[in-house]
Amino acid sequence: MGFESLLKRDYPIIFGTLFFFTLLGLVVNLIGDLMFYNFRANRRGYISFWIFLALLLVTLFAEFIANDKPLVMRYDGALYFPVFFAYAETEFGGDFETEAEYRDPFVAELIEEKGWMVWPLIPYSYRTINYDLPVPAPAPPSADNWLGTDDQGRDVLARVIYGFRLSVLFGLILTVFASVIGIAAAAVQGFFGGWIDLIFQRFIEVWSGLPQLFVLIILSSIIEPNFWVLLVILLLFSWMALVGVVRAEFLRVRNFDYIRAARALGVGNIAIIFRHGLPNAMVSAVTFLPFILVGSITSLTSLDFLGFGLPPGEPSLGELLRQGKANLQAPWLGIVSFMVLALMLSLLIFIGEAVRDAFDPRKLVGR
Numbered sequence: 584m585g586f587e588s589l590l591k592r593d594y595p596i597i598f599g600t601l602f603f604f605t606l607l608g609l610v611v612n613l614i615g616d617l618m619f620y621n622f623r624a625n626r627r628g629y630i631s632f633w634i635f636l637a638l639l640l641v642t643l644f645a646e647f648i649a650n651d652k653p654l655v656m657r658y659d660g661a662l663y664f665p666v667f668f669a670y671a672e673t674e675f676g677g678d679f680e681t682e683a684e685y686r687d688p689f690v691a692e693l694i695e696e697k698g699w700m701v702w703p704l705i706p707y708s709y710r711t712i713n714y715d716l717p718v719p720a721p722a723p724p725s726a727d728n729w730l731g732t733d734d735q736g737r738d739v740l741a742r743v744i745y746g747f748r749l750s751v752l753f754g755l756i757l758t759v760f761a762s763v764i765g766i767a768a769a770a771v772q773g774f775f776g777g778w779i780d781l782i783f784q785r786f787i788e789v790w791s792g793l794p795q796l797f798v799l800i801i802l803s804s805i806i807e808p809n810f811w812v813l814l815v816i817l818l819l820f821s822w823m824a825l826v827g828v829v830r831a832e833f834l835r836v837r838n839f840d841y842i843r844a845a846r847a848l849g850v851g852n853i854a855i856i857f858r859h860g861l862p863n864a865m866v867s868a869v870t871f872l873p874f875i876l877v878g879s880i881t882s883l884t885s886l887d888f889l890g891f892g893l894p895p896g897e898p899s900l901g902e903l904l905r906q907g908k909a910n911l912q913a914p915w916l917g918i919v920s921f922m923v924l925a926l927m928l929s930l931l932i933f934i935g936e937a938v939r940d941a942f943d944p945r946k947l948v949g950r
């Protein structure tokens, strides 16, 4: 047991974190000064962006805020970092070779006899069950569980923090993959036209006509879903969101004089698509990305609410909503999950409006 346990346990989150910062850097480089000023001119969207970014940055470090393992501890003169490394109980004088349960009174007493522990602000992870509840679960908010517990005794605040991060990172990854596939398909359609465009359009008409929700439910019930399987399943339909607008842009620009001149000079089709077609198409495509992200998060939440989403035990906002529906005597479950989702989606919609204004040439900077 060691650092590799962290990688095995949270590899989707680690990948998503690296992916988010890489994507953020690319977006900053792509947006010019004029577009940035137009974006900032929309005060509601600009403020929403910073609020959303602050919430996401906080949740990216959820292990340091809500965890059932100490941040740092000292035992017998040596320092230990349970958040990063897994230690066997025998290292602290226990009897078992398994990973130490630091909330166990026996293990805690062994450690405190020869050292100390520094706990996170919330001493619960999203999986941690509180067995010392004064009432049967779900327990109402208290000094120990600030937003109460769910029907299994798990801390609601911890699950909301982890659930916010998981939902956003899932939506970001799905949005980027869907956009790449959709833009590629639309570029081929619009640039080449003719029978290629006709075949693609007929396929998209048939594929988009399928009952998406029922297909997703059937696939989720056949294949045991996890983070990546669910991502692929939702990707089956999400890629069509940008096809229409990007295809129309390629149909418009393919007959421009500079495109014809490039062809006459012998420039290859792939080079023309990447150098001349995509820059024009991306302006209209980028304005749709925040709204596609909203749809991705909503799709994940809907499947989780219906019970066909992430595996049981994962920090899911949709699963928390389902618990609120099933436990009307515990209103904090539904209220908390609804408020978090409403805040998240509202911020993203406001950001989307600001992005749309930033790329709109008719908008004035000094409005």
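Okay, so the sequence shown: first residue is 584 according to the working numbering, each after it adds one. Here a beta-carbon is modelled for each residue, glycine too, at the ideal position from N, C-alpha and C.
Within a 10 Å sphere around the beta-carbon of Glu-646 sit 16 or more other beta-carbons, which makes this residue buried. In this chain, the beta strand (DSSP E) harbouring Tyr-658 covers 655-658. If you draw a straight line from the Cα of Val-701 to the Cα of Tyr-745, it comes to about 21 Å. Looking from the CA of Leu-924, the closest CA among Asp-727, Asn-713, Pro-894 and Ser-750 belongs to Ser-750. Tyr-658 places its beta carbon 7 Å or farther from that of Gly-628. Taking the Cβ atoms as the reference, Val-877 lies roughly 19 Å from Ile-816, outside the contact range of under 8 Å.
Within 10 angstroms of the beta-carbon of Arg-742 lie 16 or more other beta-carbons, which makes it buried. Contact annotation: Gly-860 and Val-826 have beta-carbon atoms that are not nearer than 7 Å.
In the structure shown, Asp-687 adopts coil according to DSSP, grouped into three states. Between Asn-650 and Ser-708, the CB-CB gap stays under 7 Å. Note that the segment 759-773 touches the segment 783-800; at least 3 beta-carbon pairs, one per stretch, sit closer than 8 Å.
The three-state secondary structure of Ile-806, taken from DSSP, is coil. A distance below 7 Å separates the beta carbons of Phe-622 and Ala-937.
Annotated three-state conformation of Arg-710 is coil, per DSSP.
About 5 Å separates the beta carbon of Phe-942 from that of Val-866, a gap short enough to meet the 8 Å contact definition. Here the segment 909-916 does not lie against the segment 838-855, with fewer than 3 beta-carbon pairs under 8 Å apart. Linking Pro-688 to Asp-715 through their CA atoms gives a straight-line distance of about 12 Å.
Boundaries around Trp-699 are those of the beta strand (DSSP E), 698-701, since no alpha helix (DSSP H) includes it. By the 16-neighbour rule on beta-carbons within 10 angstroms, Asp-733 is buried. Here Ile-779 is exposed. Its C-beta has fewer than 16 other C-beta atoms within 10 Å. In the DSSP assignment, Tyr-841 falls within the alpha helix (DSSP H) that extends over 840-847. Nearest Cα to Leu-802 within the set Leu-930, Leu-893, Glu-680 and Ile-918: Leu-893.
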